[in-house]
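Participant: Here it is, the structure in full.
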Amino acid sequence: MIKFDKVTKKFGSITALSAVSFEIPKNSFVFIVGPSGAGKSTIVHLLLREYLPTSGKIKVSKQDLAKLTKKELVALRRQIGVVFQDFKLLADRTVFENVALPLKFVKNDAEQIGKEVRQVLKLVGLTERAALFPAQLAGGELQRACLARAIVNCPEIVIADEPTGNLDPQTAVQIVDLLKKVNEMGSTVIIATHNAQIVNQFNQRVIALAQGELISDQPESQYPLTK
Amino acid sequence: MKEHLNNTWTNLRRSPYQSLAAVSVMVLTFFVASVVALLAAGSQTVLRYFETRPQVTAFFKDETTVEQVDQLQQALVATGKVDQVHYVSKEEALEIYRKQNKDAPLLLEMVTASILPASLEVAATDLSYLEEIAAVLQQHEGVEEVIFQQDIVTALQSLTSTVRQVGLGVVAFLGLVSMLIVMVIISMKVAAKRAEIKVLHLIGAARGYILTPFVLEGTCYGLAGAFLGWGLVYLLLLYSTPLLVNFFSGISFLPIPVVLMLALLGGELLVGAFIGSFSGLLAVKRYLK
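Here the protein sequences come in this chain order: H and S.
Plus 68 on top of the position in the first sequence (first one is 1) and you've got our numbering.
Plus 12 on top of the position in the second sequence (first one is 1) and you've got our numbering.
In structure tokens:
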């Protein structure tokens with residue numbers, strides 16, 4: 069499903085990723101862990117093709133990301149749901165409207181969109197908050213709204229960049245629980261995090277990075293720094 | 013589409029002063045464009061009026077015989093430079109005089125057919141032949157006086173052409189300025205929404221989804237400007253029609269038919285929509301690169 073082949077990414081003289089290789093099969097649940105500056109977010113940005121690798125190849129569903137046309141890139145991004153660390157919800161739209169966005173890109177049937185959005189809001193527990201604007205939500209609610217937007221169109225891949233970053237431990241577990249549910253529904257889930265407690269609690273595959281290098285890739289593992 | 017229209021309306025509502033500035037400059041452009049269009053059409057009508065009037069008139073001496081007049085008519089037709097020749101007898105001249113002065117009985121009482129000269133009204137196939145035709149008429153022994161209006165027609169031709177050229181230049185300049193101003197205003201809005209645009213890109217929005225509200229916004233400025241500019245000119249025209257009719261008595265081009273004004277509106281709406289949408293497209297495309 070996802071293949072990183074000796075991927076290096078440099079920003080000027082700074083090497084964010086250095087010859088990183090790994091594969092993530094379909095329907096996996098993977099943590100990418102490491103301290104700040106390890107290269108976790110760079111992987112997320114590369115997967116979304118916000119920028120291209122300096123060297124190496126990234127393939128998603130057998131498509132080389134470097135060779136995508138504009139149309140193919142749009143199609144790829146519609147296959148990937150993203151939970152951003154800073155939520156990136158549109159401030160001037162309600163929770164409902166934010167969550168409905170990915171559906172509006174591909175559907176015209178307002179009734180159907182409404183139905184699907186309500187289902188997802190129910191799943192993440194935000195039914196009561198649907199009419200509120202992002203500024204009126206608490207941190208955990210913002211994260212759940214962001215998650216709802218990421219999964220509303222049933223994407224093949226869900227990427228969560230530090231989804232528990234600003235949350236209390238209990239809410240953080242709730243969010244990862246939701247992501248596990250999404251994984252069980254058929255999506256490949258990748259979580260970039262430095263939250264050891266969460267990683268250890270879920271006991272899934274862990275790809276560990278440090279200073280841009282891959283230091284371990286273990287199935288059903290614990291956070292490496294706590295071992 | 014409803015979604016895009018809602019977004020466009022939100023964009024317009026959230027920055028009313030910028031929207032007002034954009035619409036104002038468009039109104040100015042289309043106000044001037046409407047004035048120029050009406051001036052060009054009006055001057056063309058006035059020109060046509062003078063062109064279709066007898067361009068050379070020869071007044072005969074009282075003793076000139078009908079045979080002499082016929083002879084002159086044939087001589088003129090033979091030049092091949094004459095479009096129409098019309099003989100006005102003394103009696104017809106009196107009839108015309110009576111019609112023109114029907115409200116002044118004193119003037120009518122004093123004039124009889126005998127004091128009005130018979131005349132020959134000649135229209136040339138081309139205005140450049142007027143002098144030549146006038147010379148033929150002047151040489152005829154039965155002709156007392158020849159008058160021709162080449163100067164008026166030439167001046168009108170030159171005026172019409174100047175109105176068209178200067179008007180087009182001014183309208184083109186204003187159109188360009190409007191386009192730049194709308195572009196700058198929409199660019200400011202796009203810049204303010206940069207973060208939002210980036211998010212939309214990342215979650216899979218196609219370019220069209222991002223572009224459309226800004227293009228529609230430009231289109232709205234263009235349409236509103238065209239309609240208001242046209243409306244202002246139409247109101248002014250309706251208000252000043254009695255004055256103009258008086259001024260141009262005899263030349264019937266007022267009131268301007270509603271169909272013609274609606275056609276002008278249609279044309280301006282199309283141009284407005286094009287200017288606005290193109291400006292919006294250019295503005296947002298720069299940021300999407």
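Glycine is no exception: its CB is placed at the ideal position from the N, C-alpha and C atoms.
Keep in mind that this is a model prediction, so the values were computed, not measured.
Does any C-beta atom of chain H lie closer than 8 Å to the C-beta of Tyr251(S)?
Facilitator: Taking Cβ atoms only, chain H never reaches closer than 8 Å to Tyr251(S), which makes this a no.
Participant: Taking one C-beta from the region 107 to 117 of chain S and one from the region 152 to 161 of chain S each time, how about it: are there three or more such pairs within less than 8 Å?
Facilitator: Counting Cβ pairs under 8 Å, fewer than three are found: no touch.
Participant: Tell me Thr256(H)'s beta-bridge partners as DSSP assigns them.
Facilitator: Thr256(H) is bridged to Ile225(H).
Participant: Relative to the C-alpha of Arg206(S), which candidate in Val47(S), Ser291(S), Val296(S) and Trp21(S) has its C-alpha closest?
Facilitator: Comparing Cα-Cα distances from Arg206(S) to each of Val47(S), Ser291(S), Val296(S) and Trp21(S), the minimum goes to Val296(S).
Participant: Compute the distance between the beta-carbons of Val37(S) and Ile193(S), then report whether it is under 8 Å.
Facilitator: Yes, they are a contact pair.
Participant: Step through the CB atoms of chain S and report whether any lies within less than 8 Å of the CB of Val150(H).
Facilitator: Closer than 8 Å to some Cβ of chain S, the Cβ of Val150(H) qualifies, so yes.
Participant: Which same chain residues end up closer than 8 Å to Lys94(H) when comparing Cβ atoms and leaving out the 5 residues on each side of it in sequence?
Facilitator: Excluding residues within five positions, the ones whose Cβ falls inside 8 Å are Met69, Glu224 and Thr256.
Participant: Counting only Cβ-Cβ distances shorter than 7 Å, please list the residues of the region 191 to 218 of chain S near chain H, keeping chain order.
Facilitator: The residues in question are Glu208, Val211, Leu214, Ile215, Gly216, Ala217 and Ala218.
Participant: Suppose contacts are defined by Cβ-Cβ distances below 8 Å. Is Val39(S) in contact with Phe160(S) by that definition?
Facilitator: Not a contact, by the Cβ cut-off of 8 Å.
Participant: Start and end of the beta strand (DSSP E) containing Ser284(H)?
Facilitator: That run of the beta strand (DSSP E) goes Glu281 to Gln286.
Participant: Who are Ile111(H)'s beta bridge partners in DSSP?
Facilitator: Ile111(H) pairs with nothing; no bridge assigned.
Participant: Residues of chain H with CB closer than 7 Å to the CB of Tyr299(S), please, in chain order.
Facilitator: Going along chain H, no residue has its Cβ under 7 Å from Tyr299(S), so there is no contact; the nearest lies around 15 Å.
Participant: Can you check which of these residues, Gly280(H), Ala260(H) and Gln286(H), is closest to Phe152(H) by C-alpha distance?
Facilitator: Comparing Cα positions, the closest option is Ala260(H).
Participant: Would a check of beta-carbon distances place Leu158(H) closer than 8 Å to chain S?
Facilitator: So, interface residue.
Participant: By the 10 Å Cβ neighbour count, where 16 or more other Cβ atoms means buried, how is Glu229(S) classified, buried or exposed?
Facilitator: The residue in question, Glu229(S), is buried, as its Cβ has 16 or more Cβ neighbours within 10 Å.
Participant: When burial is assigned at 16 or more other CB atoms within 10 Å of the CB, is Pro254(S) buried or exposed?
Facilitator: Exposed: under 16 other Cβ atoms inside 10 Å.
Participant: For my contact list, Ile148(H) and Val188(H) are in at a C-beta cut-off of 8 Å; report their separation, rounded to the angstrom.
Facilitator: In fact, because the Cβ distance is near 16 Å, the residues do not count as touching under 8 Å.
Participant: Got a sec? Which residues, its chain only, sit under 7 Å from Asp132(H) by beta carbon, not counting five neighbours each side?
Facilitator: Lys125, listed in sequence order.
Participant: Between the beta-carbon of Ala228(H) and the beta-carbon of Val163(H), is there less than 8 Å?
Facilitator: Going by C-beta atoms, Ala228(H) is not nearer than 8 Å to Val163(H).
Participant: What number of angstroms, rounded off, separates the C-alpha of Leu171(S) from the C-alpha of Ala45(S)?
Facilitator: Near 17 Å, if we compare the C-alpha coordinates of Ala45(S) and Leu171(S).
Participant: Name the residues in the region 221 to 238 of chain S whose C-beta lies less than 9 Å from a C-beta of chain H; which are they?
Facilitator: For the region 221 to 238 of chain S, which is checked against every Cβ of chain H, the residues closer than 9 Å are Tyr221.
Participant: In this structure, does DSSP put Thr166(S) in helix, strand or coil?
Facilitator: Of the three classes helix, strand and coil, the one that applies to Thr166(S) here is helix, per DSSP.
Participant: My understanding is that Gln85(S) touches Val97(S), with C-beta atoms under 8 Å, so please give their C-beta distance in whole angstroms.
Facilitator: About 5 Å separates the two Cβ atoms, so the contact holds.
Participant: With a cut-off of 8 Å, does the C-beta of Asp142(H) fall near any C-beta of chain S?
Facilitator: According to the sequence displayed, residue 142(H) carries Val and not Asp. Interface residue, yes.
Participant: Give every residue of the same chain whose Cβ lies closer than 6 Å to the Cβ of Thr294(H), excluding the five residues on either side of it in the sequence, and list them in chain order.
Facilitator: Because Thr294(H) sits at a pLDDT of 42, beneath the cut-off of 50, its placement in the model cannot be relied upon, and the point is left open.
Participant: Under the three-state reduction of DSSP, which class applies to Ser129(H): helix, strand or coil?
Facilitator: Ser129(H) falls in the coil class under three-state DSSP.
Participant: Roughly how many angstroms lie between the CA atoms of Gln56(S) and Gln169(S), to the nearest whole one?
Facilitator: Answer to the nearest angstrom: the Cα atoms are 8 Å apart.
Participant: Does the beta carbon of Leu169(H) sit closer than 8 Å to a beta carbon anywhere in chain S?
Facilitator: Yes, Leu169(H) counts as interfacial toward chain S.
Participant: Run through DSSP, which three-state label would Thr294(H) get?
Facilitator: The predicted model places Thr294(H) with a pLDDT of 42, which falls under 50 and marks its position as unreliable, so this point remains unresolved.
Participant: In chain S, which residues lie less than 9 Å from Pro173(H) when you measure between Cβ atoms?
Facilitator: Correcting the residue identity first, residue 173(H) is Phe in this sequence and not Pro. Those within 9 Å of Phe173(H) in chain S are Leu212, Ile215, Gly216, Ala217, Ala218 and Tyr221.
Participant: Per the contact definition of three or more C-beta pairs closer than 8 Å, is the region 134 to 145 of chain S in contact with the region 86 to 96 of chain S?
Facilitator: Enough Cβ pairs lie closer than 8 Å, so yes.
Participant: Per DSSP, what kind of secondary structure is Phe67(H) in: helix, strand or coil?
Facilitator: What the structure shows of chain H is the stretch from 69 to 295, and residue 67(H) is not part of that stretch, so it cannot be assessed.
Participant: Return helix, strand or coil for Arg298(S), following the three-state DSSP convention.
Facilitator: Arg298(S) falls in the helix class under three-state DSSP.
Participant: Kindly indicate which residue of Glu75(S), Leu235(S) and Leu248(S) has the alpha-carbon position closest to the one of Leu277(S).
Facilitator: If we check each option's Cα against that of Leu277(S), Leu235(S) comes out closest.
Participant: Nearest chain S C-beta to Leu215(H) closer than 8 Å, yes or no?
Facilitator: For Leu215(H), the answer is no, since every Cβ of chain S falls outside 8 Å of its Cβ.
Participant: Under three-state DSSP, which class holds Gln238(H)?
Facilitator: Residue state, collapsed to three classes: helix.
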